[in-house]
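Below is one structure, written out as structure tokens, with a few remarks after it.
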Amino acid sequence: MAGVLQVTERAVLDGAGHTLHRYGRLHVVAVPEDDSAVGQPGPEPDEKDGLTEAEALGLAALRLRESDTYRTAKERRPRAGETWDMPGCATSEGALSSSRGVTEGVQPHSTNSEYLEGSVAVGIVIVQGPTADLQFTDDEVVKIVAEVQEGLGFFAVTANPVAGISFAYDVQNVALTVPADPAAEDLEALWRDPTMKAIGHKAGAGGVRTYIEGLRERFSTRWTYCGFFVKYPIIKIAYAAVARTHVVMNPSIGYGPDNTDTVFAHETGHVFGCPDEYAAGPCDCGGSHGRYGLVNGNCETCAADGGIACLMKSNTFALCQYTPGHFGWAPSLLLRNYGYNAGSYRTERHLRFLARATSDRRLDIVGFAEDGVYLSPGQPGGRFETPRRVVTDFGYGSGWRVEKHVRLLADVTNRDGEDVVGFGDQGVWVALSNGDGTFQEAKFVLAELGYGSGWRVEKHPRFLGDITGDGCADLVGFGDQGVWTARSNGDGTFQEAKFVLAELGYETGWRVEKHPRFLADITGDGRADLVGFGDQGVWTALSNGDGTFQEAKFVLADLGFMSGWRVERHPRFLADLTRDSKADIVGFGEHGVWTAISNGDGSFQSPKFVINEFGYETGWRVEKHPRFLADITGDGQADVVGFGDEGVWVARSRGGGEFDTMGLVRPQFGYSAGGWRVPKHPRLMADTTGDGKADFVGFGNDGVFVARA
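Under the UniProt record's numbering, residues 1 to 709 are what the sequence shown spells out, in order.
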């Protein structure tokens with residue numbers, strides 16, 4: 001039969017047509033998660049199509065994965081989340097691990113599997129012995145192919161959907177006459193050498209190399225490796241060869257056939273340079289692993305609290321913050337726009353934001369350009385649409401200036417996504433989101449808080465935040481005499497601006513260049529409060545819920561100007577470090593990071609020194625190295641993220657305001673690693689895929705780059 005057969009698979013990628021798995025003419029194709037065609041496969045091949053063995057197995061594997069029985073087995077996965085060396089999984093051959101030398105020191109260079117991006121040829125070699133105990137049934141063969149499909153699909157669909165990962169398969173089902181010999185000097189060679197001869201290659205490791213290189217040439221892929229599935233005795237229940245050419249597994253022992261997917265994915269991690277992260281691996285938190293030579297910061301023996309559950313540590317489809325770097329995943333250029341060269345965006349003229357401006361609440365890119373506001377709506381899988389102009393106002397060409405006019409994105413209606421709000425010359429303008437990627441015409445809604453009324457960027461911070469708890473963002477301005485608010489009416493307009501607090505203003509000694517001020521919910525009641533870092537320390541004013549605030553109170557005699565903290569040297573933030581919905585204080589001081597946990601009543605605990613890094617004396621500079629608080633693990637607690645000279649450094653939150661040792665997780669986006677500059681290249685943290693983990697987003701010279709956390 002001529003042509004290509006296609007079947008669908010539920011995926012979170014954008015654009016139907018991306019091949020995840022290829023078996024000859026049969027392609028398992030990704031479709032968007034919200035596509036109406038999901039669950040309605042394309043052309044349904046049958047016997048008359050003359051399918052090859054590989055094509056038939058690929059189709060049968062997909063159908064098995066779509067069955068209720070298979071899905072139920074995955075929901076009830078035995079030993080889910082347990083570390084790979086848990087008691088009961090060691091056999092006489094040893095605990096699950098890579099083979100000798102793979103995880104010790106520097107990962108060996110591999111021309112066939114340097115990093116996991118792009119296309120990969122995979123050989124599935126099923127070895128059948130001469131006796132029933134060494135043989136796989138037809139159903140077991142289909143199960144193996146389905147498990148490999150499931151395990152490798154994780155990388156293409158979930159772990160890094162923007163890396164263009166796809167797999168092309170060769171399936172060999174080989175019958176041997178060689179009996180088992182548990183006492184053989186080389187357990188692998190016993191069956192491997194006759195297997196390679198049976199499929200037309202020489203014996204030994206050289207034959208395996210010739211076989212996989214032939215697959216790479218045949219399928220025209222970037223990378224290649226193979227997996228042997230046997231019931232012969234092997235040295236471990238599963239392992240990856242030192243040369244990173246192949247994986248060996250016995251699915252009938254250890255974690256069993258229903259975990260073949262996670263075990264094969266784990267061993268594939270070794271093939272592409274990832275170290276073990278469980279104690280018996282063995283592992284340590286140092287070393288030089290993967291494409292970029294990164295440390296193994298999630299090693300169970302030395303990471304805080306034993307590290308987090310991760311594919312290289314535990315029986316789970318999840319990755320820690322270090323594993324993407326070990327896999328060699330580089331930032332993806334997702335849009336050739338919004339950049340210094342591609343798009344001609346200039347920080348001193350053009351604002352760029354990440355916002356949820358549509359009703360689907362996916363993350364979108366918003367740019368304030370010369371001729372108005374441009375939007376790139378987010379798509380499933382973390383991609384973005386081509387920019388289109390959505391508002392003809394708020395741009396440089398219509399008189400808006402960064403040094404004069406604050407512009408923000410916030411949901412002022414609690415309906416269709418975040419809206420555009422600008423503090424212009426005469427006052428406040430709003431362009432409401434329609435929820436579908438378009439906006440209403442900009443309207444003048446409030447004759448206050450603007451440049452013509454005396455408000456200045458260099459003197460008067462202005463914010464949008466929900467200070468009443470109704471889900472609509474209100475206006476808050478720190479003016480000359482104190483704080484002004486204008487409550488949202490919920491329809492894109494605001495009530496008259498009111499003077500609500502005779503503190504925290506310019507005339508009472510507060511200066512933008514000395515005293516950071518924030519809106520943040522520090523009590524957990526769903527209403528934004530005021531927090532200011534003054535001369536003597538921290539002041540707070542709690543929201544009353546009606547657009548006013550309680551009297552400002554001095555709550556912490558530290559982290560202020562008189563304690564040596566400087567705006568030009570020491571960033572300070574508010575973020576939830578304890579999962580109690582109350583914002584805590586994080587400060588980047590001279591020697592490192594300090595935290596002060598919220599007491600929930602407007603006050604804070606005494607500051608604690610928690611990280612001996614990320615500080616001025618350790619080389620971090622405001623004008624060179626952006627630092628953020630963002631949850632990159634999905635545990636609901638903010639982690640410390642810094643864009644340093646060498647790339648992105650992370651210190652994972654341990655809860656209670658404590659953090660793990662910092663480690664380099666991305667050798668990109670840095671001052672030296674890529675030439676990123678604060679005056680030219682904004683870098684942000686935001687969840688681009690909806691998985692609850694913040695990703696790294698950078699507006700570089702050539703456009704928008706994204707790296708999954």
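Backbone N, C-alpha and C fix where the C-beta goes; we use that ideal spot for every residue, glycine too.
Complete runs of the alpha helix (DSSP H) confined to the region 395-450 [at least 4 residues]: Those alpha helix (DSSP H) runs which fall completely within the region 395-450 and span 4+ residues do not exist here.
Proximity winner among ASP261, VAL678, TYR225, ALA596, relative to THR111 (alpha-carbon distances): Per the Cα distances, TYR225.
Proximity winner among GLY307, ALA583, GLU140, HIS270, relative to ASP258 (alpha-carbon distances): For the residues GLY307, ALA583, GLU140, HIS270, the minimum Cα distance to ASP258 belongs to GLU140.
According to DSSP, residues forming a beta bridge with LEU375: Paired residues: VAL366, ARG388.
Compute the Euclidean distance between the alpha carbons of TYR23 and ALA279, then round it to the nearest angstrom. TYR23 and ALA279 have their C-alpha atoms spaced approximately 38 Å apart.
Candidates GLY589, HIS591, PRO607, of which the one nearest ILE597 by Cα: Checked all of GLY589, HIS591, PRO607; the closest Cα to ILE597 is PRO607.
Secondary structure at TRP510, three-state DSSP: helix, strand or coil? Reduced to three states, the DSSP call for TRP510 is coil.
Beta carbon of TRP400, beta carbon of GLY417: below 8 Å? Taking 8 Å as the Cβ cut-off, TRP400 and GLY417 do not qualify as a contacting pair.
Just list the beta strand (DSSP E) runs in the region 107-146, keeping only unbroken ones of 3 residues or longer that don't cross its boundaries, in chain order. Complete beta strand (DSSP E) runs here, min 3: 119-128.
Should VAL704 go down as buried or exposed, given a rule of 16 or more other Cβ atoms within 10 Å for buried? Buried: at least 16 other Cβ atoms inside 10 Å.
Assigned secondary structure, ASP258 (DSSP; H/G/I helix, E/B strand, else coil): Three-state result, ASP258: helix.
Do THR260 and MET249 have their C-beta atoms closer together than 8 Å? Contact flag set, yes.
Sequence-distant residues of its chain with Cβ nearer than 8 Å to ALA95 (five each side left out): Its pLDDT being 31, under 50, ALA95 is placed unreliably by the model, and the measurement read from it follows with that caveat. Only TRP84, ASP85, CYS89, LYS236, ILE237, ALA280 meet the Cβ criterion.
DSSP on GLN172, reduced to helix/strand/coil? In this structure, GLN172 counts as strand in the three-state DSSP scheme.
Tell me the start and end of each unbroken alpha helix (DSSP H) in the region 245-297 that is at least 4 residues and wholly inside, in chain order. Fully enclosed alpha helix (DSSP H) runs of 4 or longer: 260-271.
Output the boundary residues of the alpha helix (DSSP H) element that contains GLY214. Going by DSSP, GLY214 is part of the alpha helix (DSSP H) stretching over 205-219.
How is the beta strand (DSSP E) around TYR225 delimited, first residue to last? Taken as a continuous stretch (DSSP letters only), the beta strand (DSSP E) holding TYR225 covers 223-229.
Straight-line gap, LEU684 to ARG346 (C-alpha atoms, nearest Å): A straight line joining the alpha-carbon of LEU684 with that of ARG346 spans about 16 Å.
Per DSSP, GLY655 forms a beta bridge with which residues? GLU658.
Applying the 10 Å Cβ sphere with the 16-neighbour rule, what's the burial state of GLY286? Label assigned to GLY286: exposed.
So, does the region 392-412 touch the region 457-464, judging by three or more C-beta pairs under 8 Å? Cβ pair count under 8 Å is three or more, so yes.
8 Å Cβ cutoff met for GLU370 and GLY339: Taking 8 Å as the Cβ cut-off, GLU370 and GLY339 do not qualify as a contacting pair.
Give me the Cβ distance between VAL706 and THR688, rounded to the nearest whole Å; I'm assuming they're in contact under 8 Å. Contact flag correct, Cβ pair sits at about 6 Å.
Buried or exposed, going by whether 16 or more other CB atoms sit within 10 Å of the CB of SER314? Around the beta carbon of SER314, 16 or more other beta carbons sit within 10 angstroms, so the residue counts as buried.
Would you check if the distance between the CB atom of residue 797 and the CB atom of ARG572 is smaller than 8 Å? Outside the shown range of the chain, which is 1 to 709, sits residue 797, and nothing can be said about it.
Could you tell me the alpha carbon to alpha carbon distance between PHE609 and VAL593, rounded to whole angstroms? Roughly 6 Å between the two C-alpha positions.
Write down every uninterrupted run of the beta strand (DSSP E) in the region 567-644 whose length is 3 residues or greater and which is fully enclosed by it, in chain order. The qualifying runs are 572-575, 584-588, 593-596, 608-611, 627-630, 639-643.
Inter-residue Cα distance where the pair is SER98 and PRO282: Reliability of the predicted coordinates at SER98 is poor, the pLDDT of 34 falling under 50, and the value obtained from them is presented with this limitation in mind. Computed Cα separation, rounded: 10 Å.
So, helix, strand or coil for GLY382, using DSSP? For GLY382, the three-state secondary structure derived from DSSP is coil.
How far does the beta strand (DSSP E) with LYS498 in it reach, from first residue to last? Segment 498-501, the beta strand (DSSP E) holding LYS498.
Rounded straight-line distance, which links the Cα of ASP660 to that of ALA304: Taking the straight line joining both Cα atoms gives about 6 Å.
Is it a yes or a no for the region 162-170 touching the region 327-335, going by three-plus beta-carbon pairs under 8 Å? The answer is yes - the region 327-335 touches the region 162-170, with three or more Cβ pairs under 8 Å.
Who are the near neighbours of GLY101 in its chain, counting only those whose CB is closer than 7 Å to its CB and skipping five residues on each side? Any answer about GLY101 is weak, because its pLDDT of 29 lies below 50 and its placement is not dependable; what the coordinates show is given next. So the qualifying residues of the chain are VAL242.
Residue environment, PHE368, which counts as buried when at least 16 other CB atoms sit within 10 Å: With 16 or more other Cβ atoms within 10 Å, it is buried.
Considering only the alpha carbon of each residue, which of ASP436, VAL457, ASN414 lies closest to GLY422? The shortest C-alpha separation from GLY422 is found at VAL457.
Tell me the rounded alpha-carbon separation between LYS197 and LEU176. Cα to Cα, the separation comes out at about 10 Å.
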